[in-house]
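Residue numbers (this note's numbering), protein chains in the order written: chain A, 1 to 499; chain B, 1001 to 1439.
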């Protein structure tokens, strides 16, 4: 049947592609081994996990002969399943380590939180874990930032249907090709990401050397960088970035902004012309919202808190950037902020970062387009015959594209409401008791891959008090949010599986 | 001059008949009947054959032709014929097209011909001129629309102009007063010359500055701001685009949903409505009657007439129609349409204008034939190179605009000419020959 367009999902071909991605992903499990050896920690969690991951990958690859073709339908399944399976493999070190995240449900939560760059943690005391495990935790965020499928595509010689796979995984409206070749495009995105990573490590590390950033040694620099450029938010310190000083916090602010912007634009800006960056409508709005919201929160802090002006500006900017780029770091415990400041942060959780970034949530571009759709609806009431195309970045959006943005936004809000409802219902039956606002914040923070929430699961807190049902719900929300809903939701429709 | 015209359609015929008295005209067409009909009306040589083929062009004597005009009704045929002619003859080549696309391509140097005339653009400009400057006596455009020449009557409403000297009035940027016409005197003004009520002022200016002048000379009246265009065909779309560029508020009404959609996508500055121009309810609801001008260009003469009349009835100040059949022009005007124009005639006029002088790519006659406005290329032997105008003024002429590369300069006394400039020149007709030698 090969070569013929098959109307049903080719499970074998899909399994093969999933296997390839998982096999490559497993290699990452070897990265913490030298560190574990140097620190005198056990190598077993990583080596055994690597072998299991490799076995799963190879076994899946055997499901179909080489050259099996995948189409659009398989693309959704491959992307969705690859992330679910990869999270399973990434969870193995936590289970094998035997710490406070060793229950499979908890380990899977931690791994999914890492890969989806959410940054919610189930671990209560991070200092009880070895440095290699903490390094692994941040590495999963770094790998998940640009995407494990993109990662595989950049390395692999050829995967059929790769364009479909990459567009299925990349956050944002439309996947922009930076090069006629998909592999080249994947590599370019990764090169931007890599350069940003190296810059941040260098800045943090030298800051630590010259005494600007206390406690920021090479290990901390690398681990924080992994969680910054990926807009992940895992921290090796239970107090996040509180104790590292103003310099480190400003560096992290800058690179969260970088991670939350469209990485492709940076490539075009460096290679061609800088107008690609500032000429981009989404980028301008993204910066404008960040600056505006920072000003509001900083003003709140200055007016109500014990902060001096410079501190208020820094903490305001840090929290706003951390939440809007969906990173989830904290420079101080913002759960004690005023109601207005908290409300601003929850709204930013829903807006999220730019398309084509490592960040999550709705994305600035969708929010802007929805605003334009609403403005148009307002006009059409008065002038029913008027034809008003929706424009973005000086080009016209087709009506199907407009409809899909609207559908996505509604779906996002529905899932947000469903997630919050499950959490609320669960919390009404057993501990922990949470308020409706907290339930909404927890759903938003995990669906948007932000990570920092309110009250006990704030920037310094842990999600451990949640019941297993809630933990599974939150893991699912992260998965949905990272894959931009569609690849997962499509799998739930009956027509997807029919001929 | 030997002129070859390819295509004996309406444009080709009009151009041939306009030129045959003064030039040797050859017309090439594939249709012997059309050629026969044309031969009866004028003294021309008719050659049967396809102008896109080398053989037919050679047979028609393209080798010794000074000017080839590709004027069939099809853009691609005209482009191919123009390219073919370029290879065969050393004369000037003119291509007529519908689409403005080709004008842009030509302006960017991607089409190797001497002149491209687009029917859409010419009729859009004619309408825009009429809609934008209803009080002007005569208007013309040069350098592909970047420079305009307008002639205004100065009347008592022209506050701050009548009774003052040129220096007191102050000439706005991007404009030059080319001449003051008083009775039968034609004055090329200096700062001390006085402008009086009843004078006619000839201005050379950018489109924006020309609008500024219109408002100074006839306040209230010239302030056309709100225009409704009915019909989003190629011409209607072009008209809407041009008027929007002039800074007017333009509404475009189109019946066909896809066309309306496309126009809305192409014209960000224009409000597009998907509705029928004969829908009285719609026209009333959108307040079309309060607009300053209505332009009917649906491509269907009967509907255009009806829409024009509806506009008249609703109280629109100026009603303009683009008619397909030139024979209907008097009927439209008799019925109360202020201006009816035909795309092909406008195009033919533009082509004829080009033929007046081989070196002149723009040309306009004023005051019968007493003065001319022409577009001319400065030769590298010109005695005016590098000399500021205030040191050695031209006699009986004034440079209204200088085109230097991408820029248009509206010169003052301290400016001077450089090699490669093109100038828009206003000149006393008796001095044109002499000026063409000195420049």
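No residue lacks a Cβ here, since even glycine has one placed at the ideal position from N, Cα and C. Since the model is a prediction, treat every value here as computed from it, not as a measurement.
The C-alpha of residue 1297 of chain B lies about 54 Å from the C-alpha of residue 346 of chain A. Below 8 Å, too few C-beta pairs join the region 380-395 of chain A and the region 409-421 of chain A to call them touching: fewer than three. Beta-bridge analysis with DSSP links residue 1142 of chain B to B/1147.
Of the other Cβ atoms in all chains shown, 16 or more fall within 10 Å of the Cβ of residue 1378 of chain B; this residue is therefore buried.
Assigned with DSSP and collapsed to three states, residue 1048 of chain B falls in strand. Neighbours of residue 124 of chain A in chain B, taken as residues whose beta carbon is under 9 Å from its own, are absent, since the nearest beta carbon is some 56 Å off. Only buried fits residue 322 of chain A, as 16 or more other CB atoms lie within 10 angstroms of its CB.
Under the three-state reduction of DSSP, residue 332 of chain A is assigned to coil, being neither helix nor strand. It is roughly 37 Å from the alpha-carbon of residue 446 of chain A to the alpha-carbon of residue 66 of chain A. Taking a Cβ-Cβ threshold of 8 Å, the residues of chain B close to residue 389 of chain A are 1261, 1264 and 1265, in chain order. No residue range can be given for residue 1414 of chain B, since it is assigned to no beta strand (DSSP E) and is classified by DSSP as neither H nor E. Non-local beta-carbon contacts of residue 1251 of chain B in its own chain, meaning distances under 6 Å to residues more than five positions away in sequence, involve 1228 and 1271 in chain order.
Within chain B, 1271, 1273, 1285 and 1286 have C-beta atoms less than 9 Å from the C-beta of residue 383 of chain A, given in sequence order. At least one C-beta of chain A is nearer than 8 Å to the C-beta of residue 1268 of chain B. Excluding the 5 residues flanking it on each side, residue 204 of chain A has same chain C-beta neighbours closer than 7 Å at 213, 216, 221, 224, 225, 248 and 251, in chain order. Residue 352 of chain A is a Cβ neighbour of residue 324 of chain A, given a cutoff of 8 Å. Residue 1104 of chain B sits in a helix when the DSSP states are folded into three classes. Classified as buried, residue 471 of chain A has 16 or more neighbouring CB atoms from the shown chains inside 10 Å of its CB.
In the structure shown, residue 1152 of chain B falls within a strand segment according to DSSP collapsed to helix, strand and coil. Residue 1282 of chain B reaches chain A at 385, counting residues in chain order whose Cβ is nearer than 8 Å. Sequence-distant Cβ neighbours of residue 1213 of chain B in its own chain, meaning closer than 6 Å and more than five residues away, are 1203. For residue 189 of chain A, the closest of A/401, A/258, A/101 and A/93 by C-alpha to C-alpha distance is A/258. Within the DSSP secondary-structure output, residue 1122 of chain B pairs in no beta bridge. Per the C-alpha coordinates, the member of A/241, A/424, A/458 and A/18 positioned closest to residue 62 of chain A is A/18. According to the DSSP assignment, residue 1006 of chain B belongs to the beta strand (DSSP E) that extends over 1002-1006. Under the DSSP assignment, residue 1289 of chain B falls outside any beta strand (DSSP E); it carries neither an H nor an E label.
One finds 1265 in chain B with Cβ atoms closer than 7 Å to the Cβ of residue 396 of chain A, taken in chain order. DSSP places residue 1203 of chain B in no alpha helix (DSSP H) but in the uninterrupted beta strand (DSSP E) bounded by 1200-1205. Where residue 1428 of chain B is concerned, the enclosing beta strand (DSSP E) starts and stops at 1422-1428. DSSP links residue 1226 of chain B through a beta bridge to B/1249. Beta-bridge analysis with DSSP links residue 1271 of chain B to B/1251. In this structure, DSSP gives residue 1404 of chain B an extended state, which the three-state scheme calls strand.
Your pair residue 1142 of chain B and residue 1424 of chain B checks out as a contact, with CB atoms roughly 5 Å apart and the cut at 8 Å.
Close CB contacts of residue 1306 of chain B within its chain, under the 7 Å cut and outside five residues either way in sequence, are with 1278 (chain order). In the three-state DSSP reduction, residue 1024 of chain B falls in the strand class (E or B).
The distance from the Cβ of residue 25 of chain A to that of residue 86 of chain A is about 5 Å, consistent with a contact at the 8 Å cut-off.
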